[in-house]
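> Note that the working numbering has the sequence shown beginning at 85, numbered continuously upward.
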Amino acid sequence: CCTNGYELMELVEKELPDLVILDINMPFITGLEAARQIRHSYPHIKIVFLTGYTEFDYAKQAVELNALKYIVKPVSAQELRAVLDEARTALDRENRRIQKMADLEQLYWKSRKVLVHDLLGDLAQSGTIYERARAHGLQWDRNTFFQVAVLSADRTGG
């Protein structure tokens with residue numbers, strides 16, 4: 085779809101695709117350089133090399149760039165379909181991981197609210213704080229006094 089590396093990079097910036105299929109030999113920007121730029125700016129994009137180059141050094145560089153696949157032409161439709169299926173599986177796995185992280189973050193913030201509520205409730209009950217202090221090896225008794233103040237800045241400007 086792109087005739088050179090510059091067009092490819094413009095299209096990647098504009099469309100933010102999930103998958104990019106590159107050749108090693110492209111005008112202006114090589115496939116390896118394009119992959120480096122993509123990996124640096126958009127690490128989530130999956131990269132597949134589809135090329136006529138069989139040299140080990142190119143394949144090694146593709147692996148170092150975390151390319152999903154390095155396929156040497158000619159390629160059959162069945163082989164290309166298998167690579168696209170593998171890319172879809174990798175993208176689905178990544179999307180599930182991202183969703184799990186979002187779910188865990190949401191759970192963290194909910195749990196944090198409960199923890200703060202429980203902690204403030206415990207502080208309001210003087211007996212509880214002494215028991216917790218003893219459990220942590222602190223020698224406080226009922227003659228030790230504390231004052232707690234919770235302040236909040238008014239951010240409305242008034």
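Ideal Cβ placement from N, Cα and C applies to all residues, glycine included.
At a Cβ threshold of 8 Å, is VAL234 touching chain C?
Considering every chain present, this structure includes no chain C. It has just one protein chain.
> May I ask you to report which of helix, strand or coil DSSP gives VAL104?
Strand, per DSSP.
> Quick check on DSSP: helix, strand or coil for THR173?
Helix, per DSSP.
> Alpha carbon to alpha carbon, how far is LEU152 from GLU94? Give it in angstroms, no decimals.
Each residue's Cα considered, the two are about 22 Å apart.
> Would you kindly work out how many angstroms separate the C-alpha atoms of ALA268 and ILE122, rounded to a whole number?
With the chain covering 85 to 242 only, the question about residue 268 has no answer from this structure.
> With three or more C-beta pairs closer than 8 Å as the rule, is the stretch 131-138 touching the stretch 104-119?
Verdict: yes, contact present.
> Rounded to whole angstroms, what is the Cα-Cα separation between LEU175 and LEU191?
The straight-line gap from Cα to Cα measures roughly 24 Å.
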